Amino acid sequence: MTIKRKDVTQRKKKEKPCIIFQPEEDDDTQSCADDSPTALKKSCTENGSCSLCTSHQPTISDLLNDEDLLYMMRIKLDPSHPTVKNWRNFASKWGMTYDELCFLEQKQQSPTLEFLLRNSDRTVEQLIDLCKLYQRVDIEKILQKWVEKEWPKRGHEAYQKNI
1 MTIKRKDVTQ RKKKEKPCII FQPEEDDDTQ SCADDSPTAL KKSCTENGSC
51 SLCTSHQPTI SDLLNDEDLL YMMRIKLDPS HPTVKNWRNF ASKWGMTYDE
101 LCFLEQKQQS PTLEFLLRNS DRTVEQLIDL CKLYQRVDIE KILQKWVEKE
151 WPKRGHEAYQ KNI
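Read in UniProt numbering, the sequence shown has 27 at position 27, and its numbers run on one by one without any break.
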């Protein structure tokens with residue numbers, strides 16, 4: 001079977017090339033027919049707003065890199081107090097069994113840190129919802145502040161490396 005020159009030419013016309021429009025002064029958006037990793041990385045490094053970065057929500061694994069935040073969370077969630085909801089309530093709500101809870105209490109490591117490590121794939125938003133459920137406004141405020149101020153600095157850099 002021979003391919004006629006006319007068929008090849010028609011096929012090339014049908015293919016969509018990647019077109020990057022020159023942004024206007026107030027517009028940082030780019031449109032590309034093909035969102036290849038190379039194109040996304042280029043967009044990300046140029047203006048910090050590729051589609052992957054803007055849609056990526058911070059996860060608990062992202063906040064595990066912030067020692068100050070972890071320290072504050074351990075101070076607030078590690079202590080056992082009869083009337084204050086702590087790491088045990090959070091862990092139980094997310095499916096840890098009684099035996100697992102007892103095991104974590106016996107470990108040298110902070111039970112709050114262990115709870116966060118085991119749930120590192122969940123979003124920070126889910127953790128904030130848990131704080132709301134147990135009326136832990138103190139922790140909710142800390143997490144909201146981190147999402148608004150620290151995540152854009154830390155999260156974007158770490159995520160960009162993975163593109």
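Just so you know, even glycine gets a beta-carbon here, dropped at the ideal spot from N, CA and C.
Fair warning: this is a prediction, and the values are worked out from it, not measured in the lab.
Three-state class that DSSP yields for THR83 in the structure shown: As a first step, residue 83 must be located in the sequence shown, where it is residue number 83. Note: THR83 maps to coil in three-state DSSP.
Residues of its chain near GLU114, where Cβ-Cβ distance is below 7 Å and the 5 sequence neighbours each way are ignored: Your numbering for residue 114 matches position 114 in the sequence shown. Excluding positions up to five away in sequence, the list reads LEU104 and LYS107.
Nearest by alpha-carbon distance to THR112: which of SER61, MET73, HIS56 and GLU67 is it? Counting from one through the sequence shown, the residue named residue 112 turns up at place 112. The candidate whose alpha carbon is nearest that of THR112 is MET73.
Since ASN65 contacts LEU77 with CB under 8 Å, what's their CB separation in whole angstroms? Translated into the one-based positions of the sequence shown, residue 65 becomes position 65. Translated into the one-based positions of the sequence shown, residue 77 becomes position 77. The pair is not a contact, with the Cβ atoms about 18 Å apart (cut-off 8 Å).
Is the distance from the Cβ of ILE60 to the Cβ of ARG136 below 7 Å? The residue labelled residue 60 in the question sits at position 60 within the sequence shown. The residue labelled residue 136 in the question sits at position 136 within the sequence shown. Going by C-beta atoms, ILE60 is not nearer than 7 Å to ARG136.
Of the residues SER80, GLU67, GLN57 and VAL84, the one placed nearest LEU133, counting alpha carbons only: Numbered from 1 along the sequence shown, position 133 holds the residue referred to as residue 133. Considering only alpha carbons, the answer is VAL84.
Look up THR97 in the DSSP assignment and say whether it is helix, strand or coil. Locating residue 97 in the sequence shown gives position 97, where the first residue counts as 1. Residue state, collapsed to three classes: coil.
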